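Worksheet: the structure to be examined is printed underneath.
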Amino acid sequence: MWAWVLYDFSNTIFSVSILSFFFPVWLGDELGAGAGTVNAAAALSAALVLLTAPAVGAVADLRQRRVRYLVVLTLLACVLTAALDAAGGVVVAVALFVAADLAYQSALVFYNALLPVVAAGRGAGRVSGYGTAAGYVGSIFALLVLTLFVTRGEEVRALLGPLGWWLDPGQTSSNAFVPTAVLYLLFSLPAFFLVPDPRVRRPRPGGIGRAYRDVISTVRGIRRYRGMAPFILSTILYTDAANTAISNMALYGREVFGMQSQEIRNLLLFSTLFAVAGSFGCGFLSDRWGPRRALMAVLVLWLAAILLAAGAVSAWMLYLAGPLVGVALGGTWTAGRPMLVALSPPEKLGEFFGIYSFAGKVSAVAGPAVTALLLFGLGDLGSAAYRISVGSLALVMVLAMLVLARVPDVRPAGVVDRYAPEVLVSRENGEVVR
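Counting from 0, one number per residue, gives the positions in the sequence shown under numbering that gives the first Met the number 0.
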């Protein structure tokens, strides 16, 4: 279990460094690419994930192998990340980024599909919460450690001796890429070797074409899987609102209340600490109440946080909304995974986690687009435009709650039990037997 949890810690190092902070800064400030190029690269990567994630999950179900693909894709992401340090131009850098992100996102599909394997006898909610909490700890760790390589490159180079030949003595964000790859790989190793990978049915032949046909068949017949359609739709809605709120938090504080960069960083760090607590707490509640009730409680917190932020009259009120956002953010990812496990048949778990990833990417594209339209259309209102755009997220969250209410209150135990230690896999025919 802890090897699986540690992988959540490791992949967050990549996310913070490459998706959120050091790579975008380097691409813009040091290679001269504008904000449009950064966003175009992110959009291209998201589009590729949209096209491939469901099929990637279907491959896991066809082959009944998840750890093997997790290893290959993680290694590929690490190599491509390290190669960014040698990228000499915008085109090469963007190509490496898109490929690395695609490998990283695809690996997550296989990683998530292993949740019931490691949760057997422990509670899917708790284990999911441990992983989510480890991810937020990893984000803090990544910022602290990688910042040393960026701001004190010359000192770190001297400390490493011959091993630090690749470091630029100046304060360049590219110094973060190699240590990102190394740390990502290092903390992933326990998952490669210690997480079991049992089969729940006989592997079936077929390549990527068969995988896409399976996905299309599943989507057409999704009504056969009770509660799955409203859950996926609810996921699109609440992740849309959540991701948009997070991505605009810094902008909102600056434009509406004139907060400085240091104040915004302190607010984000303060909120992240509460995300760790929210992950643990929601994991416990998910096992005690069931994932649907826990997720509904999380959405109520989101609604309260959004309304508080939109109606804030002073910057200090964001320090009240921030902890709510942190707890809700940790709870969102913690309760979502057990909910999907509870609704999915074991033999289609990878496929549905691929569709779950697809839903997340749809929301990642739709949310910022709608917010941009609101800000452009209401630009004459000044700071009020930002309040309206943030306040509109409350309506999306209410709609997500109404859709989630149509999901049955089921527990993931039935699926997780298929992976219990006493369940053996017959070597002769690949079928699960007791």
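Ideal Cβ positions, reconstructed from N, Cα and C, are used throughout, including at glycine. Computed from a prediction, not measured in an experiment: that's the story for all the values here.
Residue nearest to residue i in terms of C-alpha spacing, selected from the options
{"i": "Leu47", "options": "Phe357, Ser388, Val397, Met396", "result": "Phe357"}
{"i": "Thr234", "options": "Ala32, Asp408, Asp196, Met400", "result": "Met400"}
{"i": "Gly169", "options": "Phe176, Asp239, Arg151", "result": "Arg151"}
{"i": "Tyr385", "options": "Val78, Phe256, Asp239", "result": "Phe256"}
{"i": "Ala311", "options": "Met248, Ser19, Tyr110, Tyr135", "result": "Met248"}
{"i": "Cys77", "options": "Arg410, Val177, Gly390, Arg209", "result": "Val177"}
{"i": "Arg125", "options": "Ala240, Asp286, Val340, Ser388", "result": "Asp286"}
{"i": "Leu339", "options": "Phe20, Ala123, Ala85, Phe273", "result": "Ala123"}
{"i": "Ile305", "options": "Thr271, Leu373, Ala119, Ile245", "result": "Ile245"}
Exposed unless 16 or more other CB atoms sit within 10 angstroms - verdict on residue i
{"i": "Phe192", "result": "exposed"}
{"i": "Trp315", "result": "exposed"}
{"i": "Phe8", "result": "buried"}
{"i": "Ser313", "result": "exposed"}
{"i": "Gln104", "result": "buried"}
{"i": "Pro345", "result": "buried"}
{"i": "Pro23", "result": "buried"}
{"i": "Glu153", "result": "exposed"}
{"i": "Phe351", "result": "buried"}
{"i": "Trp164", "result": "exposed"}
{"i": "Ile17", "result": "buried"}
{"i": "Arg201", "result": "exposed"}
{"i": "Pro411", "result": "buried"}
Length of the line joining the Cα atoms of residue i and residue j
{"i": "Arg264", "j": "Thr217", "result": "43 Å"}
{"i": "Thr179", "j": "Gly289", "result": "36 Å"}
{"i": "Leu300", "j": "Ser127", "result": "19 Å"}
{"i": "Phe140", "j": "Thr171", "result": "19 Å"}
{"i": "Leu392", "j": "Ser278", "result": "22 Å"}
{"i": "Leu185", "j": "Tyr6", "result": "10 Å"}
{"i": "Pro115", "j": "Ala190", "result": "15 Å"}
{"i": "Val397", "j": "Phe283", "result": "24 Å"}
{"i": "Ala383", "j": "Val324", "result": "21 Å"}
{"i": "Ser173", "j": "Arg291", "result": "42 Å"}
{"i": "Leu166", "j": "Leu95", "result": "19 Å"}
{"i": "Ala334", "j": "Tyr237", "result": "12 Å"}
{"i": "Arg219", "j": "Ala52", "result": "17 Å"}
{"i": "Tyr135", "j": "Leu267", "result": "12 Å"}
{"i": "Arg225", "j": "Val15", "result": "36 Å"}
Nonlocal neighbours in the same chain, by C-beta distance under 6 Å from residue i, ignoring five residues either side
{"i": "Leu74", "result": "none"}
{"i": "Met227", "result": "Ile221, Leu342"}
{"i": "Tyr211", "result": "Ala54"}
{"i": "Val361", "result": "Ile235"}
{"i": "Leu182", "result": "Ile12"}
Contacting residues, own chain, Cβ-Cβ under 7 Å from residue i (five flanking each side not counted)
{"i": "Leu43", "result": "Val97"}
{"i": "Ala32", "result": "Leu26, Val89"}
{"i": "Ala133", "result": "Val4, Leu5, Asp7, Phe8"}
{"i": "Asp379", "result": "none"}
{"i": "Lys347", "result": "Asp60, Thr217"}
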